[in-house]
Amino acid sequence: MNQVKIITDSTNDLDPNLLKEKEVVVLPLSVNFSDEAFLDGVDITTEQLYQKVSEKNELPKTAAICVADFVQVFEKYVQEGYDVVFTGISKQMSRTYENAVLAANEVASDRIFVVDSMNLSTGIGLLVLKACKYRDAGDSAATIAQKLNQDNKRVLSQFVIDTMDYLHKGGRCSSLTKIVGTLLKIKPLIAVRDGKMHVAKKPHGKIKAGLDLMLQQLKDDSNRLDLDCIIVTHSMAYESCDYLVSQIKTFLPDVPLYTTLAGCVISSHCGPGTIGILYMVKPDSTSL
């Protein structure tokens, strides 16, 4: 049986040191302003992204990984004797998945397995960590892909959006919705279902209301929680992150807890202050 190489894209939002430790290859999506282009996490950071948005008064566009880039990387690892498992951003949110499939078919469809995460950010990251666990247990690439295609239904991702400016600028909410939301101080609670983002709840007031809703959902799910880990991911929301971590540790002290900073692609769509709790539930558990 061939060795297995796990590959993901830059929207996975796991800590780079953890990815390096797990020997995961990360391919970057692009972040493009009208006069500049960057590779997510390679030549621009989240903090630098927000500085440029402020300076240019312009929201960047994001672009999928192209087929040629996938082909180059897939060929490299296949030639080195690896079978490949790739999972990245939901196919409902980006052409990245479709391009990966095209590249896999061009290189070696029997050696490269492309899995739709049906998620974003560390919702992908949770699957990447599962893939590494299966790889280290000796599973083949085909078996890992088969397992991930079941695991992706067990990922629960929820985020609170602090400002609606980025959703509005990105065309994800109307001007009227933004105005009403701002006046009512709505902090939308976003959940990922079936590979798409949906507004789950609309808490009013300070962001703490949204944080507490996420914490309550986690408490409600605690009896069916997959105990591998919980992840708190944020976009420059350090105070909110500290609050969530301190609260989670009070009722789930023994579950590994990671904190990560959202990359540029996720941040450019959701904006500063966005924060989420992401985890998996046990097989056969009912999703959100």
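Every letter in the sequence shown is one number past the one before it in this note's numbering, and letter 228, counting from 1, is 302. Note that CB positions come from ideal geometry on N, CA and C, so glycine has one too.
- prompt: Where does Leu133 sit, in a helix, a strand or coil, going by DSSP?
  reply: In the structure shown, Leu133 adopts coil according to DSSP, grouped into three states.
query: Roughly how many angstroms lie between the CA atoms of His272 and Ser231, to the nearest whole one?
result: His272 and Ser231 have their C-alpha atoms spaced approximately 11 Å apart.
message: So, does the stretch 306-320 touch the stretch 331-346, judging by three or more C-beta pairs under 8 Å?
response: Because the criterion of three Cβ pairs below 8 Å is met, the stretch 306-320 and the stretch 331-346 touch.
- prompt: Three or more C-beta pairs closer than 8 Å, one from the stretch 186-206 and one from the stretch 218-236: is that the case here?
  reply: Taking one beta carbon from each stretch, the stretch 186-206 and the stretch 218-236 have 3 or more pairs nearer than 8 Å; the two touch.
field: Where Phe107 sits in the DSSP three-state scheme
entry: Phe107 sits in coil when the DSSP states are folded into three classes, being neither helix nor strand.
query: Should Cys247 be labelled buried (16 or more other beta-carbon atoms within 10 Å of its own) or exposed?
result: In this prediction, Cys247 scores a pLDDT of 46, lower than 50, which makes its location untrustworthy; the coordinate-derived value is nonetheless stated afterwards. Classification for Cys247: buried.
- prompt: Relative to the C-alpha of Gly350, which residue among Met288, Gln146, Val329 and Glu313 is closest?
  reply: Of Met288, Gln146, Val329 and Glu313, the residue nearest in Cα terms is Met288.
query: In terms of residue numbering, what span does the beta strand (DSSP E) encompassing Lys79 cover?
result: Taken as a continuous stretch (DSSP letters only), the beta strand (DSSP E) holding Lys79 covers Gln77 to Asp83.
- prompt: Under the three-state reduction of DSSP, which class applies to Gln232: helix, strand or coil?
  reply: Of the three classes helix, strand and coil, the one that applies to Gln232 here is strand, per DSSP.
- prompt: Any idea what DSSP makes of Cys303, helix, strand or coil?
  reply: Note: Cys303 maps to strand in three-state DSSP.
- request: Report the rounded CA-to-CA distance for Ile163 versus Leu352, giving the unit in angstroms.
  value: Their Cα atoms are separated by approximately 15 Å.
task: List the endpoints of the continuous beta strand (DSSP E) containing Arg209.
output: Run containing Arg209: none in the beta strand (DSSP E); it sits in the alpha helix (DSSP H), Thr196 to Asp210.
message: Quick check: what's the CA-CA separation for Tyr156 versus Ser168?
response: Roughly 26 Å between the two C-alpha positions.
Euclidean distance between Cα positions of Cys140 and Gly115: A direct Cα-Cα distance of roughly 17 Å separates Cys140 from Gly115.
message: At the level of alpha carbons, what is the spacing between Glu180 and Glu172?
response: Distance between the alpha carbons of Glu180 and Glu172: 13 Å.
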